[in-house]
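Residue numbers (UniProt numbering): 1 to 654.
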């Protein structure tokens with residue numbers, strides 16, 4: 001059998017499919033309604049009505065992206081679109097609503113396996129009618145809003161809205177819908193955050209949606225935005241605060257809302273506000289401010305949009321000499337300095353500050369120390385030390401040897417008499433090592449003066465126990481003293497610790513002698529430590545110097561009064577020399593022995609001319625039968641060796 005299709009005189013061979021179906025490819029022909037002849041024999045044909053379409057062409061689609069859940073309405077721009085056509089998204093087919101041969105509407109099916117698919121149009125429910133896929137459509141994830149910030153804003157619009165969205169695709173273009181306003185251009189500021197600007201709208205709640213193609217809106221977790229009356233400010237108390245401190249500021253106005261986003265702005269610094277009422281709030285300013293400056297103060301109820309009205313607030317620097325821990329300036333305390341910060345600083349060791357409200361500490365003056373931090377008053381330099389420079393924490397020198405230092409000693413130069421607070425010389429008779437604290441001596445306490453060695457002289461300022469040397473002649477030096485040798489004593493040589501008494505036969509009537517004088521002729525010095533001699537004892541002759549006792553009796557035939565200086569009654573005597581040599585008065589008439597008067601005789605040692613019979617210290621009557629001339633002696637008692645001149649007792653003549 002012969003099978004074929006004939007159209008406009010052109011025959012195309014057909015293919016047998018089954019008893020009821022054949023297929024054939026139509027030959028080229030003009031479009032429109034015509035007759036298609038089905039041929040089973042070359043001369044036998046069955047005519048049927050047949051329409052030839054111009055091939056549909058897809059030129060453009062809008063939008064070119066849509067959500068994975070489908071239902072996006074596409075505007076298809078093309079040519080030869082058929083009113084009963086179909087849309088194909090890859091292999092997925094949906095009905096088309098053809099507005100004209102150049103415009104059709106398609107609804108996207110849900111995403112299956114390819115993100116990007118070709119779009120074609122066909123006049124029948126048969127992919128074979130698709131002439132070509134003229135453009136592409138891209139599926140994006142369904143959008144889900146997770147958060148909106150802020151959640152409130154001004155009815156005047158202009159709020160910068162940050163919308164956190166899950167499902168954003170890099171490079172895609174998104175828009176916002178706020179209430180009935182759509183589309184609103186958005187900006188992808190972060191990978192999952194869109195930024196939209198709210199339009200002006202009346203008070204109330206507006207729904208927020210997101211679109212990735214200006215058509216489809218997010219339907220999962222939609223958010224809301226509350227339009228409010230914007231806050232207004234009219235006053236600020238106080239208008240001046242301290243930089244870097246937490247200054248409480250009261251702001252008055254209207255339309256304040258009790259929300260966690262209630263915020264004050266001081267220049268660029270944000271501060272959380274405390275809601276007091278719809279007309280009053282409290283803010284803490286100045287935490288991050290420094291220096292002196294004037295800033296604008298604004299208020300926001302959502303932390304983003306700030307009031308159109310703004311007032312001036314002045315930040316003042318914490319004054320020097322004060323510290324500002326919070327909102328007030330506190331005078332710097334004594335013992336500290338303040339540079340205008342949040343706290344005061346204690347004066348370091350070596351400095352002090354006796355006054356409040358000071359920016360600096362004073363160096364410790366000469367004569368004082370400041371050992372600890374925070375000194376209000378310096379401490380006077382302690383005894384035994386020298387503080388001769390400023391800024392000392394401890395004394396920098398010990399008192400120099402040979403001196404003692406009272407409190408406040410400010411120089412180690414003990415010869416600088418222009419300074420009263422200088423080291424003072426160690427007392428006479430004492431010596432001082434370094435660091436002596438007073439003039440009072442405590443034995444074996446070497447921070448006090450110590451006694452010099454006995455027999456040595458310690459002038460003021462001595463540094464050793466030997467002082468300036470041994471005690472000089474004529475002096476004695478008990479520990480700590482130098483004394484002139486007293487009367488009756490003598491101090492021979494050097495290093496005398498005590499005086500020595502004059503020996504018998506010597507005397508000393510002056511101070512400071514290194515030897516005693518011998519008693520002169522006519523005198524005696526019995527015993528030790530004589531200040532002056534005594535006259536020679538009557539009945540005796542003191543014819544030599546240095547007699548302790550009178551040892552030579554008056555010659556026989558004579559009597560000797562006191563201060564007799566010779567046994568020879570006829571001796572030539574230098575009277576003036578003897579008188580000058582004696583420290584005591586002498587009777588020059590008594591220098592020589594005196595003859596016993598006639599009718600008497602005198603033995604040796606007679607002391608007077610008065611006769612007293614039986615007393616051999618006095619003249620005796622001449623013996624019976626004898627006569628006695630002047631100076632008669634008794635030969636019976638005169639030693640044979642006596643050379644004294646006297647008259648012998650003679651018998652009476654008839």
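Note that CB positions come from ideal geometry on N, CA and C, so glycine has one too.
Query raised in the report: Who are residue 507's beta bridge partners in DSSP?
Result: 517, 530
Query raised in the report: Should residue 397 be labelled buried (16 or more other beta-carbon atoms within 10 Å of its own) or exposed?
Result: buried
Report task. Over the uninterrupted alpha helix (DSSP H) stretch that includes residue 79, give me the two end residues. Result -> Per DSSP, residue 79 belongs to no alpha helix (DSSP H); it is in the beta strand (DSSP E), 73-79.
Requested in this report: Report the three-state DSSP secondary structure of residue 305 (helix, strand or coil).
Outcome: Correct three-state label for residue 305: coil.
Requested in this report: Could you tell me which residues DSSP puts in a beta bridge with residue 149?
Outcome: 162
Query raised in the report: CA-CA distance, residue 277 and residue 146?
Result: 32 Å
Requested in this report: Check the C-beta distance from residue 530 over to residue 506 and give it rounded, since I have them as a contact under 8 Å.
Outcome: 7 Å
Report task. Determine contact between the stretch 216-234 and the stretch 186-197, defined as no fewer than three beta-carbon pairs at a distance below 8 Å. Result -> no
Query raised in the report: So what does residue 620 bridge to, in DSSP terms?
Result: 601
Query raised in the report: If you drop the 5 nearest sequence neighbours on each side, which residues of the same chain put their C-beta closer than 7 Å to that of residue 451?
Result: 429, 430, 441, 479, 480
Query raised in the report: Which of the three DSSP states, helix, strand or coil, is assigned to residue 206?
Result: strand
Requested in this report: Pull up the distance between the alpha-carbon of residue 344 and that of residue 178, whole angstroms please.
Outcome: 55 Å
Report task. Use the C-beta contact count for residue 16: other C-beta atoms within 10 angstroms, 16 or more gives buried, fewer gives exposed. Result -> exposed
Report task. For my contact list, residue 714 and residue 401 are in at a C-beta cut-off of 8 Å; report their separation, rounded to the angstrom. Result -> Because the chain here runs from 1 to 654, residue 714 falls outside it and cannot be looked at.
Query - Straight-line Cα distance separating residue 303 from residue 351 - result: Going from the Cα of residue 351 to the Cα of residue 303 covers about 50 Å.
Query raised in the report: Are the Cβ atoms of residue 5 and residue 39 separated by less than 9 Å?
Result: yes
Query raised in the report: How close, in whole Å, do the beta carbons of residue 465 and residue 494 come, if the pair is a contact with beta carbons under 8 Å?
Result: The pair is not a contact, with the Cβ atoms about 16 Å apart (cut-off 8 Å).
Query raised in the report: What is the DSSP secondary structure of residue 590, reduced to helix, strand or coil?
Result: helix
Report task. Measure the C-alpha to C-alpha separation of residue 420 and residue 364 and round it to an integer number of angstroms. Result -> 19 Å
Report task. Leaving out five residues on either side along the sequence, give the residues of the same chain with a beta carbon under 6 Å from the beta carbon of residue 200. Result -> 156, 157
Requested in this report: From the DSSP output, in three-state form, read off residue 580 for me.
Outcome: helix
**Report entry** Continuous beta strand (DSSP E) assignments of at least 3 residues falling wholly in the stretch 329-372
**Finding:** none
Report task. Write down every uninterrupted run of the alpha helix (DSSP H) in the stretch 424-489 whose length is 4 residues or greater and which is fully enclosed by it, in chain order. Result -> For the stretch 424-489, not a single whole alpha helix (DSSP H) run of length 4 or above is found.
**Report entry** Close-in-space but distant-in-sequence residues of the same chain around residue 628 (CB under 7 Å, 5 per side omitted)
**Finding:** 598, 599, 600, 601, 622, 649
Query raised in the report: Ordered along the chain, which non-local residues of its own chain (more than five positions away) have a Cβ less than 8 Å from that of residue 205?
Result: 224, 225, 226, 227
Query raised in the report: Any idea what DSSP makes of residue 575, helix, strand or coil?
Result: helix
Query raised in the report: From residue 197 to residue 89, what does the alpha carbon distance come to, in whole angstroms?
Result: 35 Å
**Report entry** DSSP state of residue 381 mapped onto helix, strand, coil
**Finding:** coil
Requested in this report: Would you mind sorting residue 417 into buried or exposed? The rule is 16 or more other CB atoms within 10 Å of its CB.
Outcome: exposed
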